[in-house]
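Reading through the structure tokens given below for one structure.
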Amino acid sequence: MKIKVILMMSTVLISMSHPVAMLMSVILLTLSMSLIFYENSANSLFPMILLLLILGGMMIIFLYMVSLCPNKKLNYNIKLIFTMMMIVIILTINPLYFKVQNQELTKIYCTSFMNIVLMMMMYLLITLMVVMKNLNWISSPMKSF
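Residue numbers (my numbering): 418 to 562.
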């Protein structure tokens with residue numbers, strides 16, 4: 418059930434076009450992922466660090482987006498609603514497909530999670546480089562008052 422919720426939330430994130438709605442979707446997705454990590458691990462340090470880092474960055478981005486975006490009404494996408502209904506139907510048909518194997522989930526750096534950890538490290542490194550490049554390129558505040 419938890420994996421179904423995460424899949425639906427990531428599908429919603431992909432199909433959104435309003436920046437504030439996208440940020441709210443990322444915040445909810447991060448919160449649900451950290452809750453799943455907390456339930457599957459013996460210690461709560463990794464989910465707490467993940468939650469604090471990503472939510473801290475998202476709150477800063479949220480403040481910039483709210484100040485820069487025009488106040489326009491968020492329209493509901495009918496295609497998105499139908500897509501979500503189809504995903505729910507597909508996910509309920511075959512529940513055995515998403516069964517999690519009984520592996521050692523208590524360690525962060527176990528061999529089954531090594532690919533995920535390496536991908537997360539590369540993603541964070543690339544994100545850091547992009548942010549630093551953008552900050553050097555702009556070298557001024559995003560909005561002057």
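Built from N, CA and C at the ideal position, the CB exists for glycine as well.
Residue 484 is classed as exposed because its beta carbon has fewer than 16 other beta carbons within 10 Å across all chains shown. Residue 500 and residue 545 have their C-alpha atoms roughly 33 Å apart.
In this chain, the alpha helix (DSSP H) harbouring residue 439 covers 436-457.
Judged by their CB atoms, residue 433 and residue 442 are nearer to each other than the 8 Å cut-off. Exposure of residue 548 is indicated by the presence of fewer than 16 other C-beta atoms within 10 angstroms of its C-beta. Residue 484: member of the alpha helix (DSSP H) spanning 462-485, first to last residue. Per the coordinates, the alpha-carbon of residue 458 lies some 20 Å from the alpha-carbon of residue 472.
Counting of Cβ neighbours within 10 angstroms places residue 468 among the buried residues, the total reaching 16 or more. About 6 Å separates the CB atoms of residue 478 and residue 440; that is less than 8 Å, so the two are in contact.
For residue 496, same chain residues with a beta-carbon under 8 Å away, outside a window of 5 residues either side, are 432 in chain order.
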